[in-house]
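Quick note: the sequence shown uses my numbering, first residue 550, plus one each step. Where a beta carbon is used, it is the ideal one built from N, C-alpha and C, also for glycine.
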Amino acid sequence: MDNENPKIEFFSDNGMLEIRYFDTPKDHLYRSWRLPESIVHELIAFRIGLKKNKEITFPLQKKTTLCEFTMHTEKFIEIKSLDSRGRTNMTGWSLPSVVVEQLINC
Numbered sequence: 550m551d552n553e554n555p556k557i558e559f560f561s562d563n564g565m566l567e568i569r570y571f572d573t574p575k576d577h578l579y580r581s582w583r584l585p586e587s588i589v590h591e592l593i594a595f596r597i598g599l600k601k602n603k604e605i606t607f608p609l610q611k612k613t614t615l616c617e618f619t620m621h622t623e624k625f626i627e628i629k630s631l632d633s634r635g636r637t638n639m640t641g642w643s644l645p646s647v648v649v650e651q652l653i654n655c
C-alpha cells in the first residue's frame, strides 16, 4: 500500500481562492472548494488561534463577523458564511484540517 502525502493546490482569482485536494500526488481526480479570500483570512486566524490553545475540547464552535467555524473532531473544519446580521447563509464548506495546515504554511 502506498502511503504518499496528499497534494494540495491553491489558485487565487478575483477575490476567490480555489483549493484542490488530491488524495495522492499521482491522482488526476480531486476535491475542490472555492472560498472568498476574506473567509480564508478568518480561517487562518482561527486555526492559528487553535494551535496556541493546548486544551481543546470537541465539539468546538466559534463565530466571527463573517463566518462560523465548527469542529466535531480534529480532522475537519466546517465553515458557514454569515450575513450582515450574523445569521447563517446557505453557503458552507467542510475542509480537511490537512488542507488548512497547508494553507497556513504557504
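Would you give the residue range spanned by the beta strand (DSSP E) that residue i belongs to?
| i | result |
| --- | --- |
| Glu558 | Lys556 to Asp562 |
| Leu609 | Leu609 to Lys612 |
State the Cα-Cα distance for the pair residue i and residue j, rounded to the nearest angstrom.
| i | j | result |
| --- | --- | --- |
| His577 | Ile626 | 25 angstroms |
| Asn602 | Phe595 | 11 angstroms |
| Gly641 | Thr606 | 23 angstroms |
| Leu592 | Phe559 | 15 angstroms |
| Thr619 | Ser646 | 12 angstroms |
| Leu615 | Arg580 | 24 angstroms |
| Ile557 | Thr573 | 9 angstroms |
| Ser635 | Lys629 | Note on residue identity: the sequence assigns Gly, not Ser, to residue 635. Roughly 11 angstroms separates the two Cα atoms. |
| Leu609 | Leu599 | 10 angstroms |
| Leu631 | Thr622 | 22 angstroms |
Of the residues the options, which one's Cα is nearest the Cα of residue i?
| i | options | result |
| --- | --- | --- |
| Ser643 | Ile588, Lys600, Asn563 and Gly598 | Ile588 |
| Leu584 | Pro574, Ile593, Gly598 and Leu566 | Leu566 |
| Trp582 | Ser561, Lys624 and Leu599 | Ser561 |
| Glu650 | Ile597, Glu586, Arg569 and Asn563 | Ile597 |
| Pro555 | Gly564, Asn563 and Ile568 | Ile568 |
I need the boundaries of the alpha helix (DSSP H) containing residue i, first residue and last residue.
| i | result |
| --- | --- |
| Glu650 | Ser646 to Asn654 |
So for residue i, helix, strand or coil by DSSP?
| i | result |
| --- | --- |
| Lys624 | coil |
| Glu604 | coil |
| Asp551 | For Asp551, the predicted structure reports a pLDDT of 48, less than 50, and the residue's modelled location is therefore unreliable. A value from the coordinates is still provided. Coil at Asp551, not helix or strand. |
Which partner residues does residue i have in the DSSP bridge list?
| i | result |
| --- | --- |
| Ile526 | Residue 526 cannot be examined here, being either before or after the span of the chain that is shown, 550 to 655. |
| Thr637 | Leu631 |
| Ser643 | Glu627 |
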